[in-house]
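Residue numbers (the numbering used here): -7 to 615.
Everything below concerns the one structure shown next.
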């Protein structure tokens, strides 16, 4: 399989055929009617380049923001970008855009691996799933056509079992995407899992479940060609050299991630007092060295893995002893999971962390939000506000972590309430518990403490998908380029970051690619790939246009300024020696938010003004 993929990817060196890396067509799949048809991408969508741009534009055009996310009226838009499936490194990701059942907002979620390239090899720029079936289905896509198989026998399978079932029955050359028991049951934080990677955030797995799609298989045989094969090959090779050089730098981020996985960054965050611990009560964890990347590298990791065309190899496979003593293997864990199922739960045992991580993958649930939800439940139990018969709910207890994880994913007992996400669970419990639910818009916080990192706190609050760390100035704050504790200038920096990341997500570049790549590379490679001439500042404006479309969708869905809010616990001092003086002052946070809205060209309630919408060419989408 690997050689076949390499042959197809490298056809851009020879030129000929299609003179753009984009095929200008997507596959529409009507799940209810079990029909598929090719859809020519219109010019008003093509100008959004691909990736998040295509997804957001199509969802805003075709889906009423007020719908129930789990209704047949919702759509799942799975997209790739102009560099997917080519020799440009670190462009393996694909993007899902839908309305989130977790947050009620527009969702964009990403996964690496090999699925994106396979979609491109089908001669497609994306797949649109619409409607809903009455019985469980497996959708098999071969090039530009789809067929439906019954998935009744797959119900109850874990994501791993579903993947193996498809490959063994239908062909090992299918790339797969599947949901687990959590997605089948409509768990709000359920993800969609593609072999070694996951669309984790926002509940896309529950949306697939609502459409009764248990899994999809994708197999393509088309070639990806480019507008200027010679220039494209030259730029791609130069970029590979840049990334390999960055990977060789021992203390650079790509070097650390290559050596230890993303968990290699945990010691730095711990040293800065920004590692959320015990439901974001402390900024450091005394057992961090027992669960971080270097520890896993020395004691549990067995080999490195990479996404399609990536020289960094930040993924990991590890072995560990399960609760019954049986030797098991797992993927990762990523840094975010080392926080959510580790420090945030006072879990300092690497094998318990590995087992919990594996369970999130098998059940098919976002390890971040489920871990944040469990941490909230443990704090409520500690305060005497919540209990589960037969389960000792206390921080640091492995049985509590694994038990609650199972209950949430299977929606058993207390797990049914927790399966709705931390905010919704807190609202159901009452007892002034909402302040301790570390979330924005019901999406759990990531592994960066907003009370220590003021710009990151503002990023969590203003994120269109809720508590997003991908578009936060994390690197600048952790590295000390920006004063973590300062409020000054953070709004402007954040806006630039959000627009920039949206711009590169139209190409679905890996977020790590930008760490070592000059921004001017992106318009150059896009021109060589597609023939489209675009400047970097135009790409950033496109990112801003997408951001405003997302905001308008959310406002029409009923969100207000009150949803751009951090929980009450964020306005209490951080405990711990390295971060004792840190606190997010609510008045200063609100001033930051006011400044952010003003710089965005929005009014004091966060509603985009007509002047800004006219400037961006999207006045037709106004409130």
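Virtual Cβ for every residue (Gly too), placed ideally from N, Cα, C.
From a predicted model like this one, the values you see are computed outputs, not experimental measurements.
Point to revise | Whole-angstrom C-beta distance between residue 28 and residue 137, which should lie under 8 Å | key: Here residue 137 refers to the residue found at position 145 of the chain shown. Here residue 28 refers to the residue found at position 36 of the chain shown. About 6 Å; that satisfies the 8 Å criterion.
**Study point:** Through-space distance from residue 520 to residue 1, alpha-carbon basis
**Key:** For this step, residue 1 is matched to residue 9 along the chain shown. For this step, residue 520 is matched to residue 528 along the chain shown. Annotation note: pLDDT 42 at residue 1 (below 50); position unreliable, coordinate value reported separately. If I take the Cα positions, the gap works out to 15 Å.
**Study point:** Assigned secondary structure, residue 151 (DSSP; H/G/I helix, E/B strand, else coil)
**Key:** The count along the chain shown starts at 1 and reaches residue 151 at position 159. Taken through DSSP and simplified to helix, strand or coil, residue 151 comes out as helix.
Check your understanding: Taking all protein chains shown into account, do 16 or more other C-beta atoms lie within 10 angstroms of the C-beta of residue 261, making it buried, or fewer, making it exposed?
Key -> The residue labelled residue 261 in the question sits at position 269 within the chain shown. With 16 or more Cβ atoms within 10 Å of its Cβ, residue 261 is classed as buried.
**Study point:** Own chain residues within Cβ distance below 6 Å of residue 355, not counting five before or after
**Key:** As a first step, residue 355 must be located in the chain shown, where it is residue number 363. 172, 173, 174 and 401.
Check your understanding: Do the region 184 to 198 and the region 111 to 123 make contact, defined as three or more Cβ pairs closer than 8 Å?
Key -> Because the criterion of three Cβ pairs below 8 Å is not met, the region 184 to 198 and the region 111 to 123 do not touch.
Check your understanding: For residue 46, is the classification buried or exposed, using 16 other Cβ atoms within 10 angstroms of its Cβ as the cut-off for buried?
Key -> Residue numbering aside, residue 46 sits at position 54 when the chain shown is read from its first letter. Sixteen is the threshold: when 16 or more other Cβ atoms of the shown chains lie within 10 Å of the Cβ of residue 46, as they do, the residue is buried.
Practice item. Pull up the distance between the alpha-carbon of residue 550 and that of residue 49, whole angstroms please. Key: Taking the chain shown and counting its residues from 1, the one referred to as residue 550 is at position 558. Taking the chain shown and counting its residues from 1, the one referred to as residue 49 is at position 57. Taking the straight line from one Cα to the other gives about 19 Å.
Exercise for review: Could you check if residue 379 is buried or exposed, using at least 16 other CB atoms within 10 Å of its CB as the buried criterion?
Suggested key: The residue labelled residue 379 in the question sits at position 387 within the chain shown. Its Cβ having fewer than 16 others within 10 Å, residue 379 is exposed.
Exercise for review: State buried or exposed for residue -5, treating a residue as buried only when at least 16 other CB atoms are found within 10 Å of its CB.
Suggested key: One-based indexing of the chain shown puts residue -5 at position 3. Any reading at residue -5 needs caution, since the residue's pLDDT is 28, under 50, leaving its predicted position unreliable; the model's value is listed next. Here residue -5 is exposed. Its C-beta has fewer than 16 other C-beta atoms within 10 Å.
Check your understanding: Rounded to a whole number of angstroms, what is the C-alpha to C-alpha distance between residue 439 and residue 585?
Key -> As a first step, residue 439 must be located in the chain shown, where it is residue number 447. As a first step, residue 585 must be located in the chain shown, where it is residue number 593. Between the alpha carbons of residue 439 and residue 585 lies a gap of roughly 22 Å.
**Study point:** Cβ neighbours of residue 223 in the same chain (closer than 7 Å, five flanking residues each side left out)
**Key:** Taking the chain shown and counting its residues from 1, the one referred to as residue 223 is at position 231. Only 520 meet the Cβ criterion.
Review point. When DSSP builds the beta bridges, which residues end up paired with residue 68?
Key: Stepping through the chain shown from its first residue, residue 68 is reached at position 76. Bridge partners of residue 68: 121.
Exercise for review: Kindly provide the ranges of any alpha helix (DSSP H) runs that are 4 or more residues long and lie completely inside the region 278 to 350, ordered along the chain.
Suggested key: 285 to 291 and 327 to 332
Practice item. Just list the beta strand (DSSP E) runs in the region 522 to 600, keeping only unbroken ones of 3 residues or longer that don't cross its boundaries, in chain order. Key: none
Exercise for review: Report the three-state DSSP secondary structure of residue 450 (helix, strand or coil).
Suggested key: Sequence index remark: in the chain shown, residue 450 carries index 458 (1-based). The answer is helix: DSSP assigns residue 450 an H, G or I state.
Practice item. Would you kindly report the start and end of the unbroken beta strand (DSSP E) that includes residue 209? Key: Your numbering for residue 209 matches position 217 in the chain shown. Counting along the chain, the beta strand (DSSP E) containing residue 209 begins and ends at 205 to 211.
Review point. Counting Cβ pairs, one atom from each stretch, are 3 or more of them under 8 Å apart for the region 334 to 353 and the region 268 to 286?
Key: yes
Review point. For residue 495, does the count of other Cβ atoms within 10 angstroms reach 16, so buried, or fall short, so exposed?
Key: Counted from its first residue, the chain shown places residue 495 at position 503. By the neighbour-count rule (16 or more Cβ atoms within 10 Å), residue 495 is buried.
Review point. Curious, which full-length alpha helix (DSSP H) runs of at least 4 residues does the region 376 to 407 contain?
Key: 390 to 402
Practice item. Could you check if residue 243 is buried or exposed, using at least 16 other CB atoms within 10 Å of its CB as the buried criterion? Key: Numbered from 1 along the chain shown, position 251 holds the residue referred to as residue 243. Its Cβ having fewer than 16 others within 10 Å, residue 243 is exposed.
Review point. What are the boundary residues of the alpha helix (DSSP H) that residue 246 is part of?
Key: Counting from one through the chain shown, the residue named residue 246 turns up at place 254. Residue 246 -> alpha helix (DSSP H) spans 245 to 252.
Exercise for review: Rounded to whole angstroms, what's the CA-CA distance from residue 516 to residue 77? Just pull it up for me.
Suggested key: Within the chain shown, residue 516 is the residue found at index 524, counting from 1. Within the chain shown, residue 77 is the residue found at index 85, counting from 1. About 18 Å.
Point to revise | Spatial neighbours of residue 371 in its chain, beta-carbon cut-off 7 Å, leaving aside the 5 residues before and after | key: Locating residue 371 in the chain shown gives position 379, where the first residue counts as 1. Within the same chain, and ignoring the five residues on either side of residue 371 in sequence, the residues whose Cβ sits closer than 7 Å to its Cβ are 271 and 428.
Review point. So, are the CB atoms of residue 109 and residue 204 less than 8 Å apart?
Key: Looking up residue 109 in the chain shown gives position 117. Looking up residue 204 in the chain shown gives position 212. With a cutoff of 8 Å on beta-carbon distance, residue 109 and residue 204 are scored as not near each other.
Check your understanding: Counting pairs of beta carbons, one from the region 227 to 241 and one from the region 508 to 515, are three or more of them closer than 8 Å?
Key -> They touch, by the three-pair rule.
Check your understanding: If we count Cβ pairs, one from each stretch, closer than 8 Å, do we get three or more for the region 97 to 109 versus the region 298 to 305?
Key -> In this structure the region 97 to 109 lies against the region 298 to 305, because at least three pairs of beta carbons, one per stretch, are closer than 8 Å.
Review point. Any idea what DSSP makes of residue 263, helix, strand or coil?
Key: As a working note, residue 263 is residue 271 in the chain shown. When secondary structure is reduced to three states using DSSP, residue 263 falls in the helix class.
Exercise for review: Please determine if the region 388 to 396 and the region 359 to 370 are in contact, where contact requires at least 3 C-beta pairs separated by less than 8 Å.
Suggested key: By the Cβ criterion, the region 388 to 396 is in contact with the region 359 to 370, since at least three pairs of Cβ atoms, one from each stretch, lie closer than 8 Å.
Review point. Around the C-beta of residue 269, are 16 or more other C-beta atoms found within 10 angstroms, so that it is buried, or is it exposed?
Key: Indexing the chain shown from 1 puts residue 269 at position 277. Buried is the call here.
Check your understanding: Where does residue 40 sit, in a helix, a strand or coil, going by DSSP?
Key -> Residue numbering aside, residue 40 sits at position 48 when the chain shown is read from its first letter. Three-state DSSP puts residue 40 in coil, outside helix and strand.
Review point. Rounded to a whole number of angstroms, what is the C-alpha to C-alpha distance between residue 531 and residue 580?
Key: By one-based count along the chain shown, residue 531 stands at place 539. By one-based count along the chain shown, residue 580 stands at place 588. If you take the alpha carbons of residue 531 and residue 580, they lie about 32 Å apart.
Review point. Going along the chain, which residues of its own chain have a beta-carbon closer than 6 Å to the beta-carbon of residue 460, five neighbours each way excluded?
Key: Looking up residue 460 in the chain shown gives position 468. Nothing listed; no residue qualifies.
**Study point:** Inter-residue CB distance, residue 31 and residue 38 (contact presumed, cutoff 8 Å)
**Key:** Translated into positions along the chain shown, residue 31 becomes position 39. Translated into positions along the chain shown, residue 38 becomes position 46. 12 Å between Cβ atoms; not a contact.
Check your understanding: Does the count of Cβ pairs from the region 481 to 490 and the region 447 to 463 closer than 8 Å reach three?
Key -> yes
Check your understanding: Which residue or residues does DSSP assign as beta-bridge partners of residue 100?
Key -> By one-based count along the chain shown, residue 100 stands at place 108. Paired residue(s): 89.
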